[in-house]
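**Student:**
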Amino acid sequence: MSASIRTLIYAGVALFFAVAAYLTDRAMQPADLSGFDLVGQEFDPTFTEPEKAAKLRVAAYDDLTKQSQVFTVEKDGDSWRIPSHHDYPAEAKKRLAETAASVMGVKREAVAGRRQAEHERYGVIDPLDETSTALRGRGQRITLYDDSAKELVDLIIGNQVEGQANQYYVRVPKENETYRSTVSISLSTKFSDWIEPDLLKLTGADLVAMKSSKPIIEEKVVQTPLGPVRSEQQTGEETVQLSREEGGTDWTLEDLDDAVEEFDNASVANVVNAVDELKIIGVRPKPPGIKADFTLDIPKDLQGDPRRAQEFARERVRELMDKGFGIFANAEGQPYLSAREGELIATTKAGVVYNLHFGNRFEGSLDDIEFGAAEKKPAEGAEEKKAETPQAGEKSDLNPDEDVQEGRYVLVRVELDKKSLGGEPVAPVEPTKPAEAGSPKKPAADAPKSDDKEKENQPKGENEADEKSADDAKKDGADAEKKSPEQTAYEQAMKDFTLKRFKFESDKAAYEKKVEEGQKQVNQLNDRFEAWYYVISAESFETLRMSRADLVKDKDVSEQPPVAAPNPSSAESAQPPAEG
């Protein structure tokens with residue numbers, strides 16, 4: 001055996017023992033404890049102050065549309081807004097506070113899995129991961145930021161642990177390990193869950209009057225130079241007006257013929273409930289330049305340029321018409337809003353009058369309903385194309401397979417009706433003082449008085465008390481003789497006037513307070529309504545659109561008691577006796 005061969009054999013044996021030693025050493029090493037060493041610790045131990053959260057992002061995956069939905073709420077000063085929905089104010093303060101607090105102190109209680117392949121099983125695939133092709137197993141991702149955009153919390157909440165209340169599979173997006181954690185949180189990307197959904201903020205019991213007007217539209221054929229064209233024209237208007245006493249329950253229908261018609265109060269209760277519980281399901285911003293009373297506010301820099309001012313006005317009118325509204329002028333030249341589907345006017349006992357104007361209906365996905373996903377403007381530089389509203393029975397072009405929902409545009413305006421407050425108190429009129437009667441004739445200066453002679457013969461100081469009493473009696477008698485009936489009536493009238501004036505001042509103060517409080521409420525509501533078109537459900541619209549046929553039915557005259565026939569015997573007994 002040559003030396004070179006022996007050298008190779010020795011080298012091979014040495015390599016064998018080296019590999020064996022390495023494998024033995026590795027086998028003797030403890031198992032990989034990655035992830036287990038963090039059990040019992042919080043995901044974000046430094047997050048201890050929920051009030052520092054200035055931005056909340058919730059991401060979820062819609063299994064139906066196969067798209068990720070991102071919902072963001074940002075702090076703006078002392079309030080919150082929703083950037084994804086036209087910066088609409090987020091008024092669900094309780095939900096925001098609870099969401100931030102609920103992710104504070106969440107612990108890694110037990111390791112559920114350590115491999116990426118297990119993410120689908122536990123439902124913790126990142127909903128924002130565009131590289132993943134998985135259609136199932138995506139969780140909800142919640143991220144909190146401070147006012148400097150620094151992440152405070154970032155977690156993916158997955159499936160609920162089977163048989164364990166409030167236990168979910170949770171992981172950090174940058175980690176593969178999945179943990180079991182106790183989480184009491186309700187995440188939602190639904191717009192109505194993050195706002196104050198109560199549109200009108202009124203109580204049905206406070207309503208004292210309602211008036212519904214519905215245009216009567218007929219399709220007519222109009223002859224044009226290009227031939228006959230079908231068009232819709234308003235030929236009339238159906239009006240229903242209801243009222244009730246403050247604190248009452250029964251409503252009265254104007255122009256009801258009690259002899260042949262019967263009013264159904266129960267049907268009105270459905271309308272009252274619909275007004276009370278009217279919910280916002282979507283919003284659109286009104287273009288700048290349309291005020292709360294729907295008059296146009298031409299910017300100052302355009303007021304000196306008639307051409308640009310007219311173009312500005314035309315654009316705003318076109319915007320309104322696209323949603324089913326129009327601004328016209330009445331006979332006095334005052335502008336008023338016309339709504340394609342009529343209006344409902346609801347008045348409360350506080351004199352606050354809600355004017356609800358109903359515009360076009362449209363159909364689309366949940367995003368279309370909530371914020372007009374199909375109406376987004378094209379990217380800068382792209383050709384602008386007008387977004388068409390899906391018609392009845394059609395589905396959104398964005399996601400043709402998703403469920404179609406129906407909404408209705410509504411504009412809201414509020415005003416104060418002082419007459420509903422009982423009218424301004426009228427000051428009482430002070431009674432006119434009667435003219436003074438003529439003075440009595442004076443006795444002759446030189447005529448002697450018998451009383452004076454008697455007084456001269458009496459010593460001074462004698463019977464002074466008697467003289468004083470006699471003088472007082474004479475004075476009282478003289479005063480009584482001087483009061484005429486007119487004077488007596490005047491004094492009584494002045495007493496009544498004083499009482500009435502006191503009551504008037506009290507009533508006036510109460511009335512002025514009601515007006516002040518009512519106007520304050522009106523201003524607050526108009527500040528809220530001024531900038532928005534609202535979207536309500538089709539069901540709410542159909543209930544609010546009162547029809548006389550739904551409230552009145554023909555009275556069944558057959559059920560009325562018959563009129564009693566006169567009794568002949570009674571008639572005979574009533575005759576006067578014949579003269580003999």
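Here the sequence shown is numbered in our numbering, starting from 1 and rising by one per residue. Note that the Cβ used here is the ideal one computed from N, Cα and C, for glycine as well.
1. Short check: CB of F294 to CB of I327, under 8 Å?
2. Taking I157 as part of the beta strand (DSSP E), name the residues at either end of that continuous run.
3. What is the rounded straight-line gap between the Cα of H85 and the Cα of F191?
4. Less than 8 Å between the C-beta atoms of L256 and V552, yes or no?
5. Looking only at C-alpha atoms, which of E516, A292, I280, L155 sits nearest to R57?
6. Three-state secondary structure (DSSP) at V515?
7. According to DSSP, simplified to helix, strand and coil, what is R408?
8. Quick one: residues in its chain with C-beta nearer than 8 Å to the C-beta of D507, no 5 flanking neighbours on either side, listed in chain order?
9. Let me know the beta strand (DSSP E) ranges lying completely inside the region 211–275, each 3 residues or longer, listed in chain order.
10. Please report how far the alpha carbon of V73 lies from the alpha carbon of Q524, in whole angstroms.
11. Counting pairs of beta carbons, one from the region 104–116 and one from the region 160–180, are three or more of them closer than 8 Å?
12. Looking at G364 and I536, is the spacing between their C-beta atoms short of 8 Å?
13. Checking contacts by CB at 8 Å: is L242 closer than that to chain B?
14. Let me confirm a value: D368 is counted as buried when at least 16 other C-beta atoms fall within 10 Å, else exposed. Which label applies?
15. Over what stretch of residues does the beta strand (DSSP E) that includes A538 continue unbroken?
16. With a 10 Å radius around its C-beta and 16 neighbouring C-beta atoms as the bar for buried, classify N330 as buried or exposed.
17. So, at 8 Å on beta carbons, what are the nonlocal neighbours of K201 in its own chain, with the 5 sequence-adjacent residues on each side left out?
18. If you compare alpha carbons, which of L135, R316, V124, S132 is closest to R141?
19. Considering S102, what are the terminal residues of the alpha helix (DSSP H) in which it resides?
20. Is it the case that the Cβ atoms of G342 and S188 are separated by a distance below 8 Å?
21. Rounded to whole angstroms, what is the Cα-Cα separation between Y534 and A165?
22. Would you call the region 346–356 and the region 302–320 touching, i.e. three or more CB-CB distances under 8 Å?
23. The beta strand (DSSP E) with L356 in it runs from where to where?
24. Which two residues bound the contiguous alpha helix (DSSP H) that contains P586?
25. Any contact between the region 275–290 and the region 249–264? By contact I mean 3 or more CB pairs, one from each, below 8 Å.
26. Counting only the same chain and skipping the five closest in sequence on each side, list residues whose C-beta sits under 6 Å from that of I280.
27. Going by the CB atoms, is the gap between F529 and V404 shorter than 8 Å?
28. Given that a residue counts as buried once 16 or more other Cβ atoms are within 10 Å of its Cβ, and exposed if not, what is P127?
29. So, with DSSP's three-state summary, where would you put T498?
30. For D556, which option in W194, G236, V260 has the closest C-alpha, if you only look at C-alpha atoms?
31. Classify N159: buried if its beta carbon has 16 or more other beta carbons within 10 angstroms, exposed otherwise.
32. From Q41 to R136, what does the alpha carbon distance come to, in whole angstroms?
33. If you pair each beta-carbon of the region 232–251 with each one of the region 489–506, do three or more pairs fall below 8 Å?
34. Between the alpha carbons of K291 and M546, how many angstroms are there, rounded?
35. Just grab the DSSP bridge partners of Q140 for me.
36. Can you say whether R316 is buried or exposed, counting buried as having 16 or more other CB atoms within 10 angstroms of its CB?
**Tutor:** Let me lay it out:
1. If you number the sequence shown from 1, residue 294 lands on position 294. If you number the sequence shown from 1, residue 327 lands on position 327. Contact: yes.
2. The residue you call residue 157 lines up with position 157 of the sequence shown. Note, I157: beta strand (DSSP E), 151–160.
3. Position 85 of the sequence shown, counted from the start, is the residue given in the question as residue 85. Position 191 of the sequence shown, counted from the start, is the residue given in the question as residue 191. Near 8 Å, if we compare the C-alpha coordinates of F191 and H85.
4. Within the sequence shown, numbered from 1, the residue matching residue 256 stands at position 256. Within the sequence shown, numbered from 1, the residue matching residue 552 stands at position 552. A contact, by the Cβ cut-off of 8 Å.
5. Sequence index remark: in the sequence shown, residue 57 carries index 57 (1-based). The shortest Cα separation from R57 among E516, A292, I280, L155 belongs to L155.
6. Within the sequence shown, residue 515 is the residue found at index 515, counting from 1. In the three-state reduction of the DSSP assignment, V515 falls in the helix class.
7. By one-based count along the sequence shown, residue 408 stands at place 408. If DSSP states are grouped into helix, strand and coil, R408 belongs with the strands.
8. Taking the sequence shown and counting its residues from 1, the one referred to as residue 507 is at position 507. Residues of the same chain with a CB within less than 8 Å of the CB of D507, apart from the 5 flanking positions on each side, are P425 in chain order.
9. Here the runs fully enclosed are 227–243, 261–263.
10. Your numbering for residue 73 matches position 73 in the sequence shown. Your numbering for residue 524 matches position 524 in the sequence shown. The alpha-carbon separation between V73 and Q524 amounts to approximately 23 Å.
11. As far as the Cβ criterion goes, the region 104–116 touches the region 160–180, which means the pair count is three or higher.
12. Start at 1 with the first residue of the sequence shown, and residue 536 comes out as number 536. Start at 1 with the first residue of the sequence shown, and residue 364 comes out as number 364. For I536 and G364, no; Cβs fall outside 8 Å.
13. Absent from the structure is chain B; it holds one protein chain and no more.
14. Here residue 368 corresponds to residue number 368 of the sequence shown, with the count starting at 1. The residue is buried, with at least 16 neighbouring Cβ atoms inside 10 Å.
15. One-based indexing of the sequence shown puts residue 538 at position 538. Taken as a continuous stretch (DSSP letters only), A538 belongs to no beta strand (DSSP E), being part of the alpha helix (DSSP H) at 538–544.
16. Position 330 of the sequence shown, counted from the first residue, corresponds to residue 330. Exposed, because fewer than 16 other Cβ atoms sit within 10 Å of the Cβ of N330.
17. Here residue 201 refers to the residue found at position 201 of the sequence shown. Hits under 8 Å: L525.
18. In the sequence shown, residue 141 corresponds to position 141, counting from 1. Nearest to R141 by alpha-carbon distance, out of L135, R316, V124, S132, is V124.
19. Within the sequence shown, numbered from 1, the residue matching residue 102 stands at position 102. S102 -> alpha helix (DSSP H) spans 93–102.
20. Counting from one through the sequence shown, the residue named residue 342 turns up at place 342. Counting from one through the sequence shown, the residue named residue 188 turns up at place 188. Against a cut-off of 8 Å, the Cβ pair of S188 and G342 comes out as no contact.
21. Looking up residue 534 in the sequence shown gives position 534. Looking up residue 165 in the sequence shown gives position 165. Going from the Cα of Y534 to the Cα of A165 covers about 39 Å.
22. No, the region 346–356 is not in contact with the region 302–320.
23. Counting from one through the sequence shown, the residue named residue 356 turns up at place 356. Element bounds for L356: 352–364.
24. Nothing about residue 586 can be reported from this structure: the residues present for the chain run from 1 to 580 only.
25. Because the criterion of three Cβ pairs below 8 Å is not met, the region 275–290 and the region 249–264 do not touch.
26. Taking the sequence shown and counting its residues from 1, one reaches residue 280 at position 280. For I280, the CB contacts under 6 Å within the same chain, skipping 5 residues up- and downstream, are P197, L199, Y534 in chain order.
27. Position 404 of the sequence shown, counted from the first residue, corresponds to residue 404. Position 529 of the sequence shown, counted from the first residue, corresponds to residue 529. Here V404 is not near F529, since their CB atoms are 8 Å or more apart.
28. The sequence position of residue 127 within the sequence shown is 127, counting from 1. Buried.
29. By 1-based counting over the sequence shown, the position of residue 498 is 498. DSSP places T498 in helix when its eight states are reduced to three.
30. Indexing the sequence shown from 1 puts residue 556 at position 556. Checked all of W194, G236, V260; the closest Cα to D556 is V260.
31. Walking along the sequence shown from the start, residue 159 turns up at place 159. Around the C-beta of N159, fewer than 16 other C-beta atoms lie within 10 Å, and the residue is accordingly described as exposed.
32. Counting from one through the sequence shown, the residue named residue 41 turns up at place 41. Counting from one through the sequence shown, the residue named residue 136 turns up at place 136. Approximately 29 Å between the Cα atoms of the pair.
33. The answer is no - the region 489–506 does not touch the region 232–251, with fewer than three Cβ pairs under 8 Å.
34. Walking along the sequence shown from the start, residue 291 turns up at place 291. Walking along the sequence shown from the start, residue 546 turns up at place 546. One C-alpha to the other measures close to 28 Å.
35. Taking the sequence shown and counting its residues from 1, one reaches residue 140 at position 140. Per DSSP, I157.
36. Taking the first residue of the sequence shown as 1, we reach residue 316 at position 316. By the Cβ-count criterion, R316 is buried, with 16 or more other Cβ atoms from all chains shown falling within 10 Å of its own Cβ.
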